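The next block holds one structure in the form of structure tokens; read it before the comments.
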Amino acid sequence: MQNVEINAEFRSANGKGIARQLRMSGQIPAVLYSRGKATSLSLSLSHVQKVFHSHAGSHAIFRLKVNGLRESRDNVMALVRDVQRDPLTGRIMHLDFFELSEKDMVRNRVPVEIVGEVPVGVKLGGVLEHHVREVMVECLPAAMPDHIKLDASSLGINDSVHVRDLPSSPGLRIIDSPDTVLVHILPPRTEAPEETVAAAATEPEAPKK
1099 MQNVEINAEF RSANGKGIAR QLRMSGQIPA VLYSRGKATS LSLSLSHVQK
1149 VFHSHAGSHA IFRLKVNGLR ESRDNVMALV RDVQRDPLTG RIMHLDFFEL
1199 SEKDMVRNRV PVEIVGEVPV GVKLGGVLEH HVREVMVECL PAAMPDHIKL
1249 DASSLGINDS VHVRDLPSSP GLRIIDSPDT VLVHILPPRT EAPEETVAAA
1299 ATEPEAPKK
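Numbered per this note's numbering, the sequence shown spans residues 1099 to 1307.
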């Protein structure tokens, strides 16, 4: 997985008033959790939104350059653990980061990307139904994938792909149940035969009592 670099500023002041001021100035509050410590940060909202609108989004591994600390923190590796959004606008309001170690296993949700040609079942009139779009994986940070590719080209009507069918990768373990359905091809929708509809339309009404 490609790391996403982002600048952050250390902030010593906290509270709703400070958070409101940050948002009014185009910043958002954030917290970096590491080794039992919590460090308050502020980030550029426009930069964060650009990252979250990209392919990686909130699943990315971030490289935080934290300015304003006594100690040098030019390369803090972290994952986003919580995103708070405005319920009306969807605007990002707050982020929680969790610092990673290159030597420790980490769990993260990774998107499943459908690749290949149009599934056989879809060509026959079926509908591709997504059940799960992400899976939880465990690996070292350096082995974290951007996504897991799933070739659904050969799927026919009523065929399904489960977690157990995903391609394996060295050093990567999928945490979700192997029986979890990822995608399924629904059969074509059938309409009532014309003669049945016509018969129903001409059927005499029951006499009123």
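A virtual CB, placed ideally from N, CA and C, is assigned to each residue, including glycine.
Here the structure is a predicted model, which means the values were calculated and not measured.
In this structure the region 1115 to 1125 does not lie against the region 1174 to 1187, because fewer than three pairs of beta carbons, one per stretch, are closer than 8 Å. With a contact defined as Cβ atoms closer than 8 Å, residue 1141 and residue 1111 miss out at about 15 Å. Listed as beta-bridge partners of residue 1137 by DSSP are 1130.
By the Cβ-count criterion, residue 1256 is exposed, with fewer than 16 other Cβ atoms from all chains shown falling within 10 Å of its own Cβ.
Distance from the CA of residue 1276 to the CA of residue 1283, rounded to the nearest whole angstrom, comes to 19 Å.
The Cβ atoms of residue 1129 and residue 1143 lie no closer than 8 Å to each other.
Annotation: the continuous beta strand (DSSP E) that includes residue 1247 extends over 1246 to 1249.
If you draw a 10 Å sphere on the C-beta of residue 1186, you find fewer than 16 other C-beta atoms in it, and that means exposed.
Spatial neighbours of residue 1156 in its own chain (CB-CB distance under 8 Å, excluding positions within 5 residues in sequence) are listed in chain order as 1150, 1178, 1181. Bounds of the beta strand (DSSP E) holding residue 1234 are 1232 to 1237.
With a beta-carbon spacing of about 17 Å, residue 1226 and residue 1246 fall beyond the 8 Å limit used to define contacts. Annotation: residue 1242 to residue 1234 spans about 11 Å, alpha carbon to alpha carbon. Residue nearest to residue 1221 within the set 1145, 1252, 1191, 1137 is 1252 (criterion: CA-CA distance). In this structure, DSSP gives residue 1104 an extended state, which the three-state scheme calls strand. Secondary structure note for residue 1149: its alpha helix (DSSP H) is the uninterrupted segment 1143 to 1150. Cα atoms of residue 1278 and residue 1229: separation of roughly 9 Å, rounded to the nearest angstrom. Residue pairing by DSSP places residue 1165 opposite 1107 in a beta bridge. Residue 1161 is a Cβ neighbour of residue 1175, given a cutoff of 8 Å.
The three-state reading of DSSP puts residue 1116 in helix, counting H, G and I together. Annotation for residue 1220: no beta strand (DSSP E) segment contains it, though the alpha helix (DSSP H) segment containing it runs 1218 to 1221.
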